[in-house]
Amino acid sequence: MPVPDTLDQLFIPRHVAIIMDGNGRWAKRQHKPRLYGHKVGVDSVQEIVECATEWGIEVLTLYAFSTENWKRPADEVGGLMGLLKNYLQKELSRMVKNDIRLTCIGDIENLPTDVLEVLRNTMQETRDNRKLTLNLALSYGGRAELIRAVKNIINKVDSGRLQIDEIDERLIDSQLYTAGLPDPDLLIRTGGEARLSNFLLWQASYAEIYFTDIMWPEFRQAAFTRAIIEYQGRERRFGKTSAQIKSG
Ligand code: FPP
Numbered sequence: 019m020p021v022p023d024t025l026d027q028l029f030i031p032r033h034v035a036i037i038m039d040g041n042g043r044w045a046k047r048q049h050k051p052r053l054y055g056h057k058v059g060v061d062s063v064q065e066i067v068e069c070a071t072e073w074g075i076e077v078l079t080l081y082a083f084s085t086e087n088w089k090r091p092a093d094e095v096g097g098l099m100g101l102l103k104n105y106l107q108k109e110l111s112r113m114v115k116n117d118i119r120l121t122c123i124g125d126i127e128n129l130p131t132d133v134l135e136v137l138r139n140t141m142q143e144t145r146d147n148r149k150l151t152l153n154l155a156l157s158y159g160g161r162a163e164l165i166r167a168v169k170n171i172i173n174k175v176d177s178g179r180l181q182i183d184e185i186d187e188r189l190i191d192s193q194l195y196t197a198g199l200p201d202p203d204l205l206i207r208t209g210g211e212a213r214l215s216n217f218l219l220w221q222a223s224y225a226e227i228y229f230t231d232i233m234w235p236e237f238r239q240a241a242f243t244r245a246i247i248e249y250q251g252r253e254r255r256f257g258k259t260s261a262q263i264k265s266g
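Basically the working numbering = 1-based index in the sequence shown + 18.
Written out as C-alpha cells, the structure is:
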C-alpha cells in the first residue's frame, strides 16, 4: 500500500491515535451479533496497521479495550480477549517481517493470564523493531493513568528522590504509560460519536481531532487517507498566531 498521491509525503503525522468505535452498531444493522462487528473490526486493524507502516507513520495507538469495557457482558469481554489473543498470535511473524514493534498502555495486569502471556511474548519478540510502533491501549483509562502518575510522583517526593520544583510537563510525561512516545498529532474517532471517552487525556492536548460517521469495521485505507488529508489541511498553531507559524 504505497502512500496515496493525494497525501503530502512530507507531512505525514508521526503519531496517529484511534478510537475504534461502532463495531456493535455496525453488526446490529446487519442483524448479526456484536462480536461479529469486533471480528470484522480486526480486519480493519490489519489494514490500518499496514497503511501506517507503509506510509511512514511512526506510532499508531489503538484504543482496543478501555477500563470501562470490563463492564460489558462477560461473553463480549471474553470474545474480545479471544480476538486480541488470536490477532497477536497470527500477526507476530508479520510484525517481525515488517519491522513493527508492539507496545501497550493500560493496566494490563487485569488481562486474563493467557492473553497477558501472548502479549508479553509479542512485545519481547518485537522490541527491537523500528519502523512502526503499534501501541495497543488495553484496560486503559486516561484518568487512571493520571492517578498512577500522581502516585508515582508523590512517592518520589516523599522519598526525597524528587523536589516539588522539578515537577514539569516532561516529568509528568515520563510517568505516563506513553513515556518515550511522541504525543499524538492526529486523533481519529470512528462510529459517529464526538467525545474522547477517557483516551489520552494529557497526551492529546494539541492533537488534531477527526470524527467520522464511518463505523470501525468499514474504516479502511480510503477512509484513513481522507482523515490524513483533512489533517494535512489544518494549521497547527500550538497557541501561536497564524503569522507566527508562517514566519517559522
Ligand atoms: C468499540 O465498538 C470497539 C471496542 C470496544 C473494541 C475494539 C476492538 C477491536 C476492533 C478488536 C480487537 C482489537 C485488536 C487490536 C486486535 P463498540 O462495540 O463500542 O461499538 P458500538 O458503539 O457500536 O456498540
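Just so you know, even glycine gets a beta-carbon here, dropped at the ideal spot from N, CA and C.
Keep in mind it's a predicted model, so treat the numbers as computed, not measured.
Relative to P22, the option among V77, E72, Y224 whose CA is nearest is E72.
By the 16-neighbour rule on beta-carbons within 10 angstroms, A70 is buried. Taking C-beta atoms as the reference points, Y81 and I36 count as a pair closer than 8 Å.
A distance below 8 Å separates the beta carbons of L199 and V77. Listed as beta-bridge partners of H33 by DSSP are V77. Close CB contacts of E211 within its chain, under the 8 Å cut and outside five residues either way in sequence, are with D39, F229 (chain order).
Each of E163, L189, G266 was checked against the Cα of V175, and the nearest Cα belongs to L189. Within 7 Å of the C-beta of A82 there is at least one heavy atom belonging to the ligand FPP. R138 has its Cβ no nearer than 7 Å to any heavy atom of the ligand FPP. Placement of the Cβ of W88 at a distance of 7 Å or more from every heavy atom of the ligand FPP is found. Between N216 and the set M19, R161, L150, the nearest pair of CA atoms involves R161.
For Y158, the pairing in a beta bridge is given by DSSP as S84. Not one heavy atom of the ligand FPP falls within 7 Å of the beta-carbon of R47. Apart from the 5 residues on each side of it in sequence, P130 sits with its Cβ closer than 6 Å to the Cβ of M99 in its chain, given in chain order. Of the heavy atoms belonging to the ligand FPP, at least one sits nearer than 7 Å to the Cβ of N41.
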